[in-house]
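Novice:
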Amino acid sequence: MGLMVGLTRRMHCVELGDPTLLRLVEESTPQPAPGEVLIQTEAVGVSFVDGLIVRGAYQVRPPLPFTPGNCVVGVVAAVGSPEDEALLGQRVASVLDGVGGAYATHVLTTAETLAAVPAGIAPDVAAASMESYLTVLFATTHRVTIAAGEEVVVLGAGGGIGLAAVDVARSLGARVTGVASSEEKRAAAQRAGASTTLDYGDPRDLKDRIRETTCGGADVVIDPVGGQAAEGALRSLTTGGRYCVVGFASGEIPRLPANIVLLRNRSVIGVDWGDWSRVEGGAAGNALLLTDLLARIARGELAPPAPSSAPLADAGRVLTSIGERRAVGRYVLRMS
9 MGLMVGLTRR
19 MHCVELGDPT
29 LLRLVEESTP
39 QPAPGEVLIQ
49 TEAVGVSFVD
59 GLIVRGAYQV
69 RPPLPFTPGN
79 CVVGVVAAVG
89 SPEDEALLGQ
99 RVASVLDGVG
109 GAYATHVLTT
119 AETLAAVPAG
129 IAPDVAAASM
139 ESYLTVLFAT
149 THRVTIAAGE
159 EVVVLGAGGG
169 IGLAAVDVAR
179 SLGARVTGVA
189 SSEEKRAAAQ
199 RAGASTTLDY
209 GDPRDLKDRI
219 RETTCGGADV
229 VIDPVGGQAA
239 EGALRSLTTG
249 GRYCVVGFAS
259 GEIPRLPANI
269 VLLRNRSVIG
279 VDWGDWSRVE
289 GGAAGNALLL
299 TDLLARIARG
309 ELAPPAPSSA
319 PLADAGRVLT
329 SIGERRAVGR
339 YVLRMS
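The numbering of the sequence shown is our numbering, which starts it at 9 and goes up by one.
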């Protein structure tokens, strides 16, 4: 039911490894079964995790061959059930069930994953915001509380997760310090709302520099990077401080000293939005979180920056740039 389309172009991963091994293929466009919808894609979010999955370095490994990507925005072109016909022609966002499938011109998903994209939010902004902002919004609604006036330190503040963390913490009334590796990334963090920025410098004095800029210590650290900066950031926490472990973009998983956690009643909190979205929250719970995110953007509470874009065929190049931490901000793949 709905628009019948002919060919679908998608990026195929036929072997794990270098993202430049991804290949663009054409195939017949699938038609939705009952309960499914077909999205004609406008923009797809590209993430660090996508690159890990393609390299075989993520904890979840889809069977080969597969199409990467989970965050898609587009127009509903066909539905598999009569009760979903009202969705035809609507612009929607979806985090796909399972792992992968979004790097394509047409995408099948279930109706329960969909969130309507409010008028005024461009498809590329919606697509680019989904994974990073959903991770941070999950953290701040399910894992940690950030109060107005608190000092929040964001590591990797010029990357996708980092910029989202700066923006969300700012929107909650926190004072944000962004830590990033280059002037360009620190400038991006300031545009997102960071009051101050720091470079990583010598990891041995990061604790002191954070305490100086926060006037005594961080209430919350959001860390999607790991590596050598982690311990200094942990040591910078004030009494009752919370350290959010979001990821390890540096490629190095830190060994955090338990005695520093014990002192001054600090907490280390894991933030795994991906697992929650697949299991505890599920598709329906994640769709509600996505609806909340889009509403906050529409109201102007959150201000995600316009992403960089690239054509679908350049997915491997973009993933390589993100994996090497050369990219600033978010990227999307455009279908046209």
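Where is the CB? At the ideal position from N, CA and C, for every residue including glycine.
Suppose the cutoff is 6 Å on Cβ atoms and the five residues either side in sequence are ignored; what does the same chain contact list for P131 look like?
Specialist: Translated into positions along the sequence shown, residue 131 becomes position 123. If we look at P131 and ignore the five residues flanking it on each side, its Cβ neighbours are E50, A51 and V81.
Novice: Is the separation between the beta-carbon of P27 and that of G324 shorter than 8 Å?
Specialist: The residue labelled residue 27 in the question sits at position 19 within the sequence shown. The residue labelled residue 324 in the question sits at position 316 within the sequence shown. For P27 and G324, yes; Cβs fall inside 8 Å.
Novice: Under DSSP, the alpha helix (DSSP H) around D132 begins and ends at which residues?
Specialist: On the sequence shown, position 124 is the one that residue 132 refers to. Segment P131 to F146, the alpha helix (DSSP H) holding D132.
Novice: Taking only runs of the beta strand (DSSP E) that begin and end inside the segment 44–81, which ones reach a length of at least 3 residues, in chain order?
Specialist: You should have 44–54.
Novice: Is the segment 236–247 touching the segment 259–268 in the sense that three or more CB pairs, one from each, lie closer than 8 Å?
Specialist: Touching, yes, given that three or more Cβ pairs across the two stretches are closer than 8 Å.
Novice: Measuring alpha carbon to alpha carbon, tell me which residue in A65, S275, V279 and A257 is nearest Q236.
Specialist: As a working note, residue 236 is residue 228 in the sequence shown. Of A65, S275, V279 and A257, the residue nearest in Cα terms is A257.
Novice: Using beta-carbon positions only, say whether S140 and A182 come within less than 8 Å of one another.
Specialist: What you label residue 140 is simply residue 132 of the sequence shown in a count that begins at 1. What you label residue 182 is simply residue 174 of the sequence shown in a count that begins at 1. No, these two residues do not count as a Cβ contact at 8 Å.
Novice: Could you check the C-alpha separation between A303 and V144 for me, to the nearest Å?
Specialist: Your numbering for residue 303 matches position 295 in the sequence shown. Your numbering for residue 144 matches position 136 in the sequence shown. So the alpha carbons of these two residues sit roughly 15 Å apart.
Novice: Using DSSP bridges, identify the partner residues of H150.
Specialist: Position 142 of the sequence shown, counting from 1, holds the residue named residue 150. According to DSSP, which records beta bridges pairwise, H150 is partnered with nothing at all.
Novice: Beta strand (DSSP E) containing V174: first to last residue?
Specialist: Here residue 174 refers to the residue found at position 166 when the sequence shown is read from its first residue. That residue, V174, is in no beta strand (DSSP E); its alpha helix (DSSP H) goes G168 to S179.
Novice: Taking the beta strand (DSSP E) that E159 falls in, what are its first and last residues?
Specialist: Your numbering for residue 159 matches position 151 in the sequence shown. Taken as a continuous stretch (DSSP letters only), the beta strand (DSSP E) holding E159 covers E159 to L163.
Novice: In chain order, what are the residue ranges of uninterrupted alpha helix (DSSP H) at least 4 long that sit wholly in the segment 267–311?
Specialist: The qualifying runs are 281–286 and 290–306.
Novice: Would A226 pass as a contact of T246 if the rule is Cβ separation under 8 Å?
Specialist: Position 218 of the sequence shown, counted from the first residue, corresponds to residue 226. Position 238 of the sequence shown, counted from the first residue, corresponds to residue 246. Yes, these two residues count as a Cβ contact at 8 Å.
Novice: With a CB to CB cut of under 8 Å and the five nearest residues on each side skipped, what residues in its chain are close to G142?
Specialist: As a position in the sequence shown, residue 142 is number 134, starting the count at 1. A quick correction: the sequence has Leu, not Gly, at residue 142. These residues qualify, in order along the chain: V103, W281, S285, N294, L297, L298 and L301.
Novice: When you compare each of G43, V54, P90 and E23 to V336 by their alpha carbons, which one comes out closest?
Specialist: Within the sequence shown, residue 336 is the residue found at index 328, counting from 1. The shortest C-alpha separation from V336 is found at V54.
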